[in-house]
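The sequence shown maps to residues 1 to 414 in my numbering. Note that beta-carbon positions come from the ideal geometry of N, C-alpha and C, so glycine has one too. As the structure is a computational prediction, the values presented were derived from the model and not from experiment.
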Amino acid sequence: MSFLSQSDPEIFNAIEREKKHQKESVNLIASENYTSRAVLEALGSFLTYKYAEGYPGRRWYGGCENMDTIESLAIERAKELFKAGHANVQPHSGSQANMAAYFALIEYGDTVMAMDLPHGGHLTHGSPITFSGRSYKFVHYHVNKETERIDFSEIEKLAKECQPKLIVAGYSAYPRTIDFERFKRLADSVGAKFMVDMAHIAGLVAAGLHPSPVPYADVVTMTTHKTLRGPSGGLILCKQELAKAIDSAVFPEAQGKGHMHAVAAKAVALHEAMQPSFVDYQKKVLENARALAAELLSQGMRLVSGGTDNHLMLVDLTSIGVTGVDVEKALDNAGIIANHNAIPYDTRPPIKTSGIRFGTPSAATRGFGVEEMKKIGGLIVKVIKNIDKTSVIEEVRKEIAQICRRFPVPGIDD
Ligand code: DSN
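Here you go:
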């Protein structure tokens, strides 16, 4: 960073402050993670210079020989890791991966079924404030009010009524295992295509610790930066027969220039995900999530659906009388980073929410184990119950900083 400190001290100083922030706090944002140094090296490389529109062997620019090597490796690794017929590694983000999937599978105005946002869905699954809700007719399904789990009877009923062209599964805030096979049967029964957005659980799927949607879905989208532990970006898998439709939906329909530094970093992350140590890491993510959930429950917190099967959990703050956003702020002051999140059937607006979401991918990468997660669970409850007491928040902040000192942050301390 010696060049940056000279040329742009304002940005340099903000980065340095963020470095300190990351070192002294525990990151429990379910959708974030730390990458390896190798991934960061590829991401920060001069490959960002290169225009390589098109695909390996079919480019719109000269000088793409090395880009072809890099992108082909990324594609082959993604196919091998997820046992998929075809992979597109160019989407800049999960939202653009979803956009391209819709472009390839349906027409503007078609009916699509997906989970409602407050029940765990994603903005690009039909929210009216995104292209998805403006371009297609989304009909939303929900979790069951009692069990807070996917309600197949409601989905079946809705599907028969609205005859969707596409059914979407895969969520941003759903703590339970998803039965992709059942979704596929349901989609077949109404003649709908089936798409899975596995952004959150891609790493668990890669490690064989969550059932894979690949055998069932026409198209599977994901981000590469969550449990998969790669650079910020998107990726699409599909059956070979949809390869052409997906590729032209990504470029030129949804986006232009591929980010070749990001494609190289994705290739590195996919290679890492093929190693046995990646399975150990994902087991640790799950173990830590179970330990954190158990501690929160034992200290009287209510978790949506009663617990977790994956890397994330949602605490329902309703009975405590505080909002998600207030808890998020208090935790932030205490060195615990999380995000406020709507809970199913939330009575508060999305800007406040009655829930707070926790996830363990970052903490597990940093080396936190079950003991630390239990300790952090207790500290979270302490903050929630003493939200206005600055002396308590300060005490927790010191304890968190002390724990954090024992665990280097990848990419910062190594
Ligand atoms: N909605 C983001 C999250 O889960 O944090 C992903 O886009």
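Asked                                                                                                         : Found
Residue range of the beta strand (DSSP E) that includes A114                                                  : 111-115
Contact set for G85: own chain, Cβ-Cβ below 6 Å, skip 5 residues either direction                             : K239, Q240
Helix, strand or coil at R58 [DSSP, three-state]                                                              : strand
Alpha carbon of A269 to alpha carbon of K83, nearest angstrom                                                 : 16 Å
Reduced DSSP secondary structure (H/G/I, E/B, other) of Y281                                                  : helix
Sufficient close CB pairs (3 or more, under 8 Å) joining the region 301-318 to the region 354-372             : yes
Euclidean distance between Cα positions of M274 and V392                                                      : 44 Å
Counterpart residues of M274 in DSSP-defined beta bridges                                                     : Paired residue(s): none; M274 is not in a bridge.
C-beta contact flag for L123 and S93 at 9 Å                                                                   : no
Near ligand 1: S127 beta-carbon under 8 Å from a heavy atom                                                   : no
Outcome for P128 when other beta-carbon atoms lying within 10 angstroms are tallied against a minimum of 16   : exposed
Proximity test, G133 beta-carbon vs ligand 1 heavy atom, cut-off 8 Å                                          : no
Beta-carbon spacing of D218, M198 below 9 Å                                                                   : no
Per-residue DSSP class, three states only, for N27                                                            : strand
Beta carbon shell of ligand 1 at less than 5 Å from a heavy atom                                              : S31, S172
Residue range of the alpha helix (DSSP H) that includes I393                                                  : 390-405
Where H261 falls, given that 16 or more other Cβ within 10 Å makes a residue buried                           : buried
Other residues of its chain near G367: CB distance less than 6 Å, five sequence neighbours each side excluded : F407
Buried/exposed call for N66, threshold 16 Cβ in 10 Å                                                          : exposed
Through-space distance from S362 to S277, alpha-carbon basis                                                  : 16 Å
Beta-bridge pairing of F138 - partner residues as DSSP gives them                                             : V112
C-alpha distance - I106 paired with C162, whole-angstrom precision                                            : 15 Å
With 16 other Cβ atoms within 10 Å as the buried cut-off, status of H210                                      : buried
Residues near A291 by beta carbon distance below 6 Å, same chain, minus five either side                      : V370, M373, K374
Distance between beta carbons of V220 and L416, contact taken as under 8 Å                                    : Residue 416 falls outside the range modelled here, since the chain spans only 1 to 414, and no answer is possible.
Bridge partner(s) assigned by DSSP for G234                                                                   : T223
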